[in-house]
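Here is the structure we will look at.
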Amino acid sequence: MLFIKNLNSGYEELHVLKDVNLEFKNSEFISVVGPNGSGKTTILKSIFNIAKVYQGSKITFFGKELVELKVHELILQGIAYVPQGRINFSDLNIEQNLLLGNYHIKDKKTIQENLQTVYDFFPELHKFRHKLAFALSGGQQQMLAIGRALMLQPKLLLLDEPSLGLSPKLTQELFAKIKEISRKGTLVLMVEQQAKKAMEYTDKTVVMESGQVRLFGKSKDLLKDKRLGKVFLGGK
Ligand SMILES: Nc1ncnc2c1ncn2[C@@H]1O[C@H](COP(=O)(O)OP(=O)(O)OP(=O)(O)O)[C@@H](O)[C@H]1O
Ligand SMILES: [Mg+2]
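Okay, structure coming up:
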């Protein structure tokens, strides 16, 4: 349902992604791993149209061409992006932050239903719903950032390094939660530094190197693949 064909993209003069071809299905949980600067974040930014996507690249989601779409149009297509660094509105409380995720929806009943869905999924967000975002722990902030994306009931969720700064235990809990999101019918692309840990939870993994896809396959197979370590050590 998400097809990426001959994707070439970058920033102004810098050509980062080179002929990336990928194909994902509904409900899959995908990890995107690779060394620093290999182009992981740029894949997410290309899908969300905040990197410069060059002519000839094709990204289609449920048959719809995404490359020309603006961010608000992508959101209407069911695509949500959680950038690196748990960006929340620090002077607003949890509930106000979550409601911002539905700024484009008028129907109050739908908004309440979405809020309830997020609270059912992350009970801690409900418990602390009146707490200001700046006063939350790292894990709670990450839940909030993901919760705001879930307010959109996304069909495609793009996550950039959700485990950043979290303890090993919280990281595992978060990966398990994200897997649950995918099982409910959302395709999740998760960029992660903690490659092996992420791969224990994901169905498939994209291994990036120098702007190209080096390996793509089932996570459990790639975990045993000797080439995985070589990519991270910079060898060929
Ligand atoms: N906004 C930008 N403007 C110019 N160059 C950029 C920009 N963002 C990233 N780059 C460059 O693009 C290349 C790929 O960056 P990208 O952020 O996709 O890497 P990454 O794999 O996500 O790395 P990391 O693991 O460090 O997050 C790098 O050389 C980086 O310096
Ligand atoms: Mg990155």
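Residues in the sequence shown are numbered consecutively from 0, following numbering that gives the first Met the number 0. Glycine included, every Cβ here is placed at the ideal spot set by N, Cα and C.
Exercise for the section: Name the two residues that bound the continuous alpha helix (DSSP H) containing residue 194. Expected result: In the DSSP annotation of this structure, the continuous segment of the alpha helix (DSSP H) that includes residue 194 starts and ends at 194 to 198.
Practice task
Give me the Cα-Cα distance between residue 145 and residue 56, rounded to the nearest whole angstrom.
Solution key: Put simply, the backbone Cα of residue 145 is about 29 Å away from that of residue 56.
Exercise for the section: Could you tell me whether the Cβ atoms of residue 74 and residue 65 are closer together than 8 Å? Expected result: Not in contact: residue 74 and residue 65 (Cβ atoms no closer than 8 Å).
Practice task
Identify whether residue 96 lies in helix, strand or coil by the three-state DSSP scheme.
Solution key: DSSP places residue 96 in helix when its eight states are reduced to three.
Exercise for the section: Please state whether DSSP places residue 211 in a helix, a strand or coil. Expected result: Here residue 211 carries a strand assignment [DSSP, helix/strand/coil].
Problem - Terminal residues of the alpha helix (DSSP H) in which residue 22 lies - result: Taken as a continuous stretch (DSSP letters only), residue 22 belongs to no alpha helix (DSSP H), being part of the beta strand (DSSP E) at 13 to 23.
Exercise for the section: Please report the residue range of the alpha helix (DSSP H) in which residue 170 lies. Expected result: Residues 167 to 182.
Exercise for the section: Report buried or exposed for residue 139, applying the criterion of at least 16 other Cβ atoms within 10 angstroms of its Cβ. Expected result: With 16 or more other Cβ atoms from the protein chains shown falling within 10 Å of its own Cβ, residue 139 counts as buried.
Problem - Beta-carbon contacts of residue 129 that lie in its chain and below 6 Å, excluding the five residues immediately before and after - result: 92.
Handout entry: C-alpha gap between residue 102 and residue 42, whole angstroms
Key = Each residue's alpha carbon lies about 26 Å from the other.
Handout entry: Rounded distance between the beta-carbons of residue 131 and residue 162, thought under 8 Å
Key = No, residue 162 and residue 131 are not in contact; Cβ-Cβ is about 24 Å, not under 8 Å.
Exercise for the section: Could you check if residue 232 is buried or exposed, using at least 16 other CB atoms within 10 Å of its CB as the buried criterion? Expected result: So residue 232 ends up on the exposed side.
Exercise for the section: With hydrogens ignored, establish whether the beta-carbon of residue 119 is closer than 7 Å to any heavy atom of ligand 2. Expected result: Between ligand 2 and the CB of residue 119, the shortest heavy atom gap is not smaller than 7 Å.
Practice task
In the DSSP assignment, find the unbroken alpha helix (DSSP H) run with residue 70 in it and report its ends.
Solution key: Unbroken alpha helix (DSSP H) run through residue 70: 70 to 75.
Practice task
Could you check the C-alpha separation between residue 37 and residue 159 for me, to the nearest Å?
Solution key: Spanning the two alpha carbons is a distance of roughly 14 Å.
Practice task
Give the straight-line distance between the Cα atoms of residue 54 and residue 7, rounded to the nearest whole angstrom.
Solution key: Each residue's Cα considered, the two are about 8 Å apart.
Handout entry: Neighbourhood of residue 153 by C-beta, 7 Å cutoff - its chain only, sequence neighbours within 5 removed
Key = Result list for residue 153: 77, 78, 79 and 185, in chain order.
Problem - Inter-residue spacing [alpha-carbon to alpha-carbon] between residue 228 and residue 16 - result: Computed Cα separation, rounded: 21 Å.
Exercise for the section: Leaving aside the five residues before and after residue 70 along the sequence, list all residues of the same chain whose C-beta is less than 8 Å from its C-beta, in chain order. Expected result: Closer than 8 Å at Cβ, skipping near neighbours: 47, 48 and 49.
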